[in-house]
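Heads up, the thing below is written out as structure tokens.
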Ligand code: AHR
């Protein structure tokens, strides 16, 4: 079913009263769509038709959609970022250089920290001052392991400066106090003479940092305190009062939103708090089965699980649409942003590793899923102003895996690298009429797409072929431009379980893509099976 056809159906359905009339309208809507597409692309008979309106763009794709999330969980922060100043692994003030360099190459725009569930049991004052004096704590969410607090506020904000990215800090509502939260913001951002600012100076940092984003709690419907939406709303309104913008640091306040489908939570928190927030979060994790309790292996799967992940990934579309509809009703001016500040795939931990550390491998399947998520965020960039994949290193759908001094880049990293061209570009409207990828008696659209135009006028199209066995032909009309040059890159492999290992770190990486032809404003593309392709049009 065509995406735009679905939209038209919904629009018309509200204004008619009889079933009969409804069906007439459906047929008309279908014809109207087909004639739009066909008049745009002539009498082409390709299965897959795409129209890109190269001169119809008004929304900007925030660079923060390409954001990241790092928690004190397993080996994400420790080993992933923090190796300590005395480590033989090359580092700058304890932070490993190879990881920083790799993340700068994908233009990491923003990093969320310290959790996750960890955020609501983190007491920041234990993570400042001389490291040898910092008390240890128990990380109760993630394996009951000892948290040394060696990596704290100063180290995190140093990391953000090394990465040249914005800081997004999640505060503790679940087990923390209002005073503690207020002190933290003052400690980091106040330039004047105050106890907290002077404590920061005593700990070696004279000038305040710029902390742009502050989350008031995390998953407070679950690990962050098991609250009702009504109770959290009251707490949000109270806590946020003391999250101040000091010394010209205009802080963006983020309320805790729902996890996947919880429209009650979104409605209540928006209704009760929207005037006191700048953004609200949404979390969405996906896996290779319809059953949340069965995660499955990251690397050993068959087409049934491949298909299930594609189907589950596509749920991001209705999830965004429905949450945005709620937001639009309560905040019609569109003042409050939606931050999808945790998302990604979640598999069984790699055999032989601590299951609580959530260390998983990452295959071509994760890469295609990632491409679909990012396309969906791009296409909803009117409201979605940030997204943070979980998590940066060694945890869940990681960009980077480390083993001692070794570091490898995952297929998901490569998708972020290929898609970075969309950061801060103008979203272009697309009409898509695509065939199905069928498995058993189920089907999903065979490919997914988004497109943007950057400030220099270059157009980028990111395409994902969801079908693991069949290449697909796409006939694309570039309405409003007659391009002179097209180039492309592709991420694919022969095997759907292809992934990089420490012994074979380059099994899967982007390659030059040239299976397309340009004729005037018509671009014919043959997408390889199970692939992510990014085309650049000049
Ligand atoms: O990313 C892992 C966990 O998933 C986070 O700590 C939590 O917010 C979510 O449930």
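Numbering (our numbering), first residue to last: -15 to 522.
The beta-carbon is built from N, C-alpha and C at its ideal position, and this holds for glycine as well.
Own chain residues within Cβ distance below 6 angstroms of residue 82, not counting five before or after | 391
Should residue 302 be labelled buried (16 or more other beta-carbon atoms within 10 Å of its own) or exposed?
-> exposed
Residue 116: beta carbon under 7 angstroms from a heavy atom of the ligand AHR?
-> no
Between the Cα of residue 84 and the Cα atoms of 61, 70, 102, 104, which residue gives the shortest distance?
-> 61
Cβ shell of residue 304 (< 7 angstroms), same chain only, five flanking positions each side left out = 360, 364, 368
Expressed to the nearest angstrom, what Euclidean distance is found between the alpha-carbon atoms of residue 100 and residue 423?
-> 35 angstroms
Would you mind reading off the limits of the beta strand (DSSP E) that contains residue 171?
-> Residue 171 -> not in any beta strand (DSSP E); alpha helix (DSSP H) instead, spanning 162 to 173.
CB of residue 266 to nearest heavy atom of the ligand AHR: below 7 angstroms?
-> no
For residue 240, verify whether its CB is less than 7 angstroms away from any heavy atom of the ligand AHR.
-> no
Where does residue 146 sit, in a helix, a strand or coil, going by DSSP?
-> helix
In the region 295 to 359, which residue ranges form an unbroken alpha helix (DSSP H) of at least 4 residues, counting only runs that do not cross its ends?
-> 300 to 314
Residue 72 versus residue 93: straight-line alpha-carbon distance, rounded | 28 angstroms
Count the other CB atoms, across all protein chains shown, that sit within 10 Å of the CB of residue 13; report buried if there are 16 or more and exposed otherwise.
-> Residue confidence for residue 13 is low, a pLDDT of 41 falling below 50, so the modelled location carries little weight; the figure read from the coordinates is stated next. Buried is the call here.
Considering only residues of the same chain and omitting the five flanking positions on each side of residue 24, which have a CB-CB separation below 8 angstroms?
-> Because residue 24 carries a pLDDT of 44, less than 50, the predicted location of this residue cannot be relied on, and no value is offered for it.
May I ask you to report which of helix, strand or coil DSSP gives residue 395?
-> helix
Chain-order list of residues whose beta-carbon lies under 6 angstroms from that of residue 201 (same chain, five-residue window excluded) = 157, 208, 240
Excluding five sequence neighbours on each side, which residues of the same chain lie with their C-beta closer than 7 angstroms to the C-beta of residue 115?
-> 134
Excluding the 5 residues preceding and the 5 following residue 522 in the sequence, name in chain order all residues of the same chain whose CB lies nearer than 7 angstroms to its CB.
-> 442, 467, 468, 469
With respect to 7 angstroms, is the separation between the Cβ of residue 202 and the closest non-hydrogen atom of the ligand AHR below this value?
-> yes
Look at the alpha carbon of residue 480 and the alpha carbon of residue 516, and state the distance between them as a whole number of angstroms.
-> 12 angstroms
Kindly examine the ligand AHR and report whether one of its heavy atoms sits closer than 7 angstroms to the Cβ of residue 101.
-> yes
Helix, strand or coil for residue 223, going by three-state DSSP, please let me know.
-> helix
Where residue 372 sits in the DSSP three-state scheme | strand
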